[in-house]
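> Each residue of the sequence shown is one higher than the one before, starting from 1 at the first, in this note's numbering.
Every residue gets a Cβ at the ideal spot worked out from N, C-alpha and C, and that includes glycine.
In this text the structure is predicted, and so the values were computed from the model without any measurement.
Here it is: the structure, laid out below.
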Amino acid sequence: MSKDSSSITEFLLLAFADTRELQLLHFGLFLGIYLAALLGNGLIITAVACDHRLHTPMYFFLLNLALLDLGSISTSVPKALTNSLWDTRVISYVGCAAQVFLFLFFIGAEFYLLTVMAYDRYVAICQPLHYGTLLGSRACATMAAAAWGSGFLNAVLHTANTFSLPLCQGNALDQLFCEIPQILKLSCSDSYLREVRVLVVSAFFFWVCFVFIVLSYVQIFRAVLRIPSQQGQHKAFATCLPHIAVVSLFLGTAMFDHLKPPSISSPSLDLAVAVVYAVVPPALNPLIYSLRNQELKHALRILITSVSKRTSYLSCYKPQKWLVM
Numbered sequence: 001m002s003k004d005s006s007s008i009t010e011f012l013l014l015a016f017a018d019t020r021e022l023q024l025l026h027f028g029l030f031l032g033i034y035l036a037a038l039l040g041n042g043l044i045i046t047a048v049a050c051d052h053r054l055h056t057p058m059y060f061f062l063l064n065l066a067l068l069d070l071g072s073i074s075t076s077v078p079k080a081l082t083n084s085l086w087d088t089r090v091i092s093y094v095g096c097a098a099q100v101f102l103f104l105f106f107i108g109a110e111f112y113l114l115t116v117m118a119y120d121r122y123v124a125i126c127q128p129l130h131y132g133t134l135l136g137s138r139a140c141a142t143m144a145a146a147a148w149g150s151g152f153l154n155a156v157l158h159t160a161n162t163f164s165l166p167l168c169q170g171n172a173l174d175q176l177f178c179e180i181p182q183i184l185k186l187s188c189s190d191s192y193l194r195e196v197r198v199l200v201v202s203a204f205f206f207w208v209c210f211v212f213i214v215l216s217y218v219q220i221f222r223a224v225l226r227i228p229s230q231q232g233q234h235k236a237f238a239t240c241l242p243h244i245a246v247v248s249l250f251l252g253t254a255m256f257d258h259l260k261p262p263s264i265s266s267p268s269l270d271l272a273v274a275v276v277y278a279v280v281p282p283a284l285n286p287l288i289y290s291l292r293n294q295e296l297k298h299a300l301r302i303l304i305t306s307v308s309k310r311t312s313y314l315s316c317y318k319p320q321k322w323l324v325m
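Here it is, written out as structure tokens:
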């Protein structure tokens, strides 16, 4: 029996597992990943905000990336954890629309920000004498705002277009969270073509950004290979490798999820790939950026030491007992 979209008040998400034991096991696993993402990105945000030595364009963009990672993983994981804990699959129509909007907003803004970060590395290595001019505080704020604004417009366009489609194929989504491809499967015949056209336009802009990132790194590698000292080459590569790793992880998982051939598609594979691109990058990005970055590791070490000392002081502090005569 088909349903009109006006009569749908809730959607049914895919469950973690069929048995209660596996549901609780998956709940514990994803809770651990989520807490690790919160801790890692929170530490980076705090370290960059508090350490004046990290008040540079590269770390300013890294702070924005950590904020976007926190937003993207907090959009999809908490609802899945709640449903798994309470053994339910329900998400309201409004909640689903909000989840689609926020996820597209954070993911879109993150990709545009990664493009800006590629430009930052290009200027730093290929045009170091103009770095302060091209990437002043106002220019950095403008580029970051453009990334956030582009993600917002992209999310508004897709969310409004998707949820204006008539839905005639039920309300069950084969995914842990609401996403456009799963909702399009519920649309009436041929009505989804309107959203497909919008997706094609967005794909074009994403492709332009991808080409820009690739061309930037082609120029960066050429410049690095011309550096006479091996130590200088190693230092230049060290500032670029984390960004390359994050871009590869982000694009590789997302492109495989959306471009894989239908012949190998299955609910379990779709679930696994979606989890990888929606959950794993926000948890791994802090580790990738802090693993080889000595300045960030030093700032994090100071931050953790300061917090531990303060905690130790508070635990040892005993307020005086005043006797009232």
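Which value, in whole angstroms, describes the spacing of the CA atoms of CYS168 and LEU186?
Taking the first residue of the sequence shown as 1, we reach residue 168 at position 168. Taking the first residue of the sequence shown as 1, we reach residue 186 at position 186. The alpha-carbon atoms of CYS168 and LEU186 are separated by roughly 6 Å.
> Can ASN171 and PHE61 be called in contact, C-beta distance under 7 Å?
The count along the sequence shown starts at 1 and reaches residue 171 at position 171. The count along the sequence shown starts at 1 and reaches residue 61 at position 61. For ASN171 and PHE61, no; Cβs fall outside 7 Å.
> Going by DSSP, what residues sit across from VAL90 in a beta bridge?
Along the sequence shown, one-based indexing puts residue 90 at 90. LEU12, per the DSSP bridge assignment.
> What three-state label does DSSP hand LEU186 in the structure shown?
Counting from one through the sequence shown, the residue named residue 186 turns up at place 186. LEU186: coil per DSSP, three-state reduction.
> Identify whether LEU167 lies in helix, strand or coil by the three-state DSSP scheme.
Counting from 1 along the sequence shown, the entry for residue 167 is found at position 167. Strand.
> Can you look up ALA37 in the DSSP assignment and give me helix, strand or coil?
In the sequence shown, residue 37 corresponds to position 37, counting from 1. Reduced to three states, the DSSP call for ALA37 is helix.
> PRO242 and ALA37 look like a contact to me (Cβ under 8 Å); what is the Cβ gap, rounded to whole Å?
For the purposes of this step, residue 242 is taken as residue 242 along the sequence shown, with counting starting at 1. For the purposes of this step, residue 37 is taken as residue 37 along the sequence shown, with counting starting at 1. PRO242 to ALA37, Cβ: 17 Å. No contact.
> Can you tell me the Cα-Cα spacing of PHE204 and VAL100, whole angstroms?
Counted from its first residue, the sequence shown places residue 204 at position 204. Counted from its first residue, the sequence shown places residue 100 at position 100. Approximately 20 Å between the Cα atoms of the pair.
> Suppose the cutoff is 7 Å on Cβ atoms and the five residues either side in sequence are ignored; what does the same chain contact list for THR115 look like?
Along the sequence shown, read from residue 1 onward, the residue named residue 115 stands at position 115. If we look at THR115 and ignore the five residues flanking it on each side, its Cβ neighbours are CYS209, PHE212 and ILE213.
> When DSSP labels each residue in this structure, what does ALA172 get in the three-state scheme?
The sequence position of residue 172 within the sequence shown is 172, counting from 1. The answer is strand: DSSP assigns ALA172 an E or B state.
> Whole angstroms is fine: what's the gap from ILE180's alpha carbon to HIS52's?
Within the sequence shown, residue 180 is the residue found at index 180, counting from 1. Within the sequence shown, residue 52 is the residue found at index 52, counting from 1. Whole-angstrom Cα-Cα distance: 41 Å.
> Measure how close the beta-carbons of PHE105 and ALA146 come, nearest whole angstrom, since I'm counting them as under 8 Å.
Within the sequence shown, the letter at position 105 stands for residue 105. Within the sequence shown, the letter at position 146 stands for residue 146. Contact doesn't hold; Cβ gap of about 14 Å is too wide.
> In the structure shown, what three-state DSSP assignment does GLY28 receive?
As a working mapping, residue 28 is identified with position 28 in the sequence shown. Three-state DSSP puts GLY28 in a helix.
> Please state whether DSSP places ALA272 in a helix, a strand or coil.
In the sequence shown, the residue the question calls residue 272 occupies position 272. ALA272: helix per DSSP, three-state reduction.
> How long is the line joining the alpha carbons of LEU65 and SER164, rounded to whole angstroms?
Counting from one through the sequence shown, the residue named residue 65 turns up at place 65. Counting from one through the sequence shown, the residue named residue 164 turns up at place 164. Looking at the two C-alpha atoms, the distance is approximately 31 Å.
> Answer with yes or no whether the minimum CB distance from TYR217 to chain B is below 7 Å.
The question asks about chain B, but that chain is absent: this structure has only one protein chain.
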